[in-house]
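Everything below concerns the one structure shown next.
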Amino acid sequence: MTVQRTDLDLGHYERFLNVPTSQANNITTGRIYQSVISKERQGMYLGKTVQVIPHITDEIKENIKFLGSNGEFDIIITEIGGTVGDIESLPYIEALRQLKWEMGEDNLIVIHLTLIPYLSAAKELKTKPTQHSVKTLMESGGTS
5 MTVQRTDLDL GHYERFLNVP TSQANNITTG RIYQSVISKE RQGMYLGKTV
55 QVIPHITDEI KENIKFLGSN GEFDIIITEI GGTVGDIESL PYIEALRQLK
105 WEMGEDNLIV IHLTLIPYLS AAKELKTKPT QHSVKTLMES GGTS
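When we follow our numbering, the leftmost residue of the sequence shown carries the number 5, and every step to the right adds one.
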């Protein structure tokens with residue numbers, strides 16, 4: 005029996021959007037690195053040193069573009085989990101920055117969702133973490 009791992013959010017997307025999803029709809033960092041390592045071992049990088057930029061970011065972009073290549077969908081929603089500024093998310097944010105430049109600003113939109121907690125003791129919303137997150141995202145070129 006083959007075990008396929010995927011993100012639980014895919015079930016939510018299937019139900020709310022009424023669109024079937026598959027493992028191709030779930031891009032993981034492990035799968036990205038595994039693909040890059042496989043390509044390197046096949047000599048596809050012509051002996052060059054494998055680097056996060058361009059090899060990992062190019063692989064992320066290829067995976068995102070693959071979903072839109074069959075012409076079946078009008079849009080592709082790409083959820084990047086984690087925290088802006090964490091080292092794990094940097095290749096994904098850089099890939100989005102590159103895609104926005106390659107495809108044109110009219111063809112890619114970044115929607116940044118954050119938690120703005122309400123502190124009942126102070127009776128106020130705490131926006132400072134969101135402000136820092138937005139600043140970091142803008143500095144990385146993830147949005148304009």
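Glycine included, every Cβ here is placed at the ideal spot set by N, Cα and C.
Local Cβ density within 10 Å of residue i, reported as buried at 16 or more and exposed below that
i, result
"E63", "buried"
"R19", "exposed"
"G108", "exposed"
"I31", "buried"
"V40", "buried"
"N74", "exposed"
"N22", "exposed"
Integer-rounded CB distance, given that residue j should sit under 8 Å from residue i
i, j, result
"K132", "P121", "K132 to P121, Cβ: 10 Å. No contact."
"T147", "H116", "7 Å"
"V114", "L100", "6 Å"
Whole-angstrom distance between residue j and residue i, CA atom to CA atom
i, j, result
"Y37", "T134", "30 Å"
"Q27", "N67", "12 Å"
"Q102", "K65", "8 Å"
"E143", "D110", "20 Å"
"S42", "R35", "10 Å"
"W105", "F70", "18 Å"
"Q46", "P58", "17 Å"
"G145", "L112", "13 Å"
Check whether residue i and residue j have beta carbons under 8 Å apart
i, j, result
"E98", "T61", "yes"
"T25", "L14", "yes"
"G89", "T140", "yes"
"T118", "S137", "yes"
"G72", "I81", "no"
The ligand SAM heavy atom lying under 7 Å from the CB of residue i
i, result
"I64", "In the structure shown, the ligand SAM is absent, as is every other ligand, since no ligand is present at all."
- Query: In chain order, which continuous runs of the beta strand (DSSP E) of length 3 or greater are located wholly inside the segment 81-122?
  - Reply: Within the segment 81-122, no complete beta strand (DSSP E) run reaches 3 residues.
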